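Each step along the sequence shown adds one to the number in this note's numbering, with nothing skipped, and position 30 is 19. The beta-carbon is built from N, C-alpha and C at its ideal position, and this holds for glycine as well. It should be emphasised that the depicted structure is a prediction, and the values quoted were computed from it without experimental measurement. The structure appears right after this line, and notes come after that.
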Amino acid sequence: MTGGQGTAVAVSFLWLGMVLAISFLEAPLKFRAPGVDLRLGLGIGRIVFRALNAVEVGLAAAAVAAMTFGDVTDEVRQTTWIPVAVLAVQLAAIRPALTKRSDRVFAGEEAGSKVHLIYIGAEVVKVAVLVTLGVLGLKTA
């Protein structure tokens, strides 16, 4: 496995693990903890997802660097752009809408939102592509 290909595989699986742990394990479980209401859960979520997204930006940059400067297959190169693009949409469009929603909840309003479902859908796409990316990288190594 070349350096670029190996880096792409490592980054994809690390990124995958973080998204699975935070988005699909921590996020729903915190609302089951005693004493955690919607407002507290949203406050914790903001902090946790801000940190996750910061790490994701670093991982996305590492993935782009690996495919730009490393020796990777065309399949890996093309697939790498998908989770990077999903993350960009999440940060530029979906997260700001979720922040507005949580601001309304913090202000005491009832604030239902379908935007949360869009974010979850984007996470599902990202997970599927990161699995694919990691497997492609291993298969073509």
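Just the C-alpha distance for residue i and residue j, rounded to the nearest angstrom, thanks.
i: G34; j: Q67; result: 32 Å
i: K19; j: V25; result: 7 Å
i: T62; j: P85; result: 35 Å
i: T88; j: V78; result: 14 Å
i: L48; j: W4; result: 7 Å
i: T129; j: A74; result: 23 Å
i: G6; j: E98; result: 34 Å
i: T69; j: F58; result: 13 Å
i: G14; j: E64; result: Correcting the residue identity first, residue 14 is Leu in this sequence and not Gly. Taking the straight line from one Cα to the other gives about 30 Å.
Is the beta carbon of residue i less than 7 Å from the beta carbon of residue j?
i: G126; j: A(-3); result: yes
i: L31; j: V94; result: yes
i: D60; j: G(-7); result: yes
i: I71; j: Y108; result: no
Which residues in the same chain have their Cβ closer than 8 Å to the Cβ of residue i, if we skip the five residues on either side of it in sequence?
i: V46; result: L76, L80
i: R90; result: A100, S102, V104, H105
i: V8; result: L41, E45, E112, K115, V116, L119
i: A51; result: T(-4), V0
Whose C-beta lies closer than 6 Å to the C-beta of residue i among residues of the same chain, with five residues either side of it excluded?
i: S1; result: L119, L122, G123
i: F38; result: none
i: A55; result: G(-7), T(-4), A(-3)
Please state the DSSP three-state secondary structure of residue i.
i: G101; result: coil
i: R84; result: helix
i: A50; result: helix
i: G126; result: helix
i: R21; result: coil
i: D63; result: helix
i: A96; result: coil
Sorted by chain position, which residues of the same chain lie with C-beta nearer than 7 Å to residue i's C-beta, five sequence neighbours on each side aside?
i: R28; result: V94, F95
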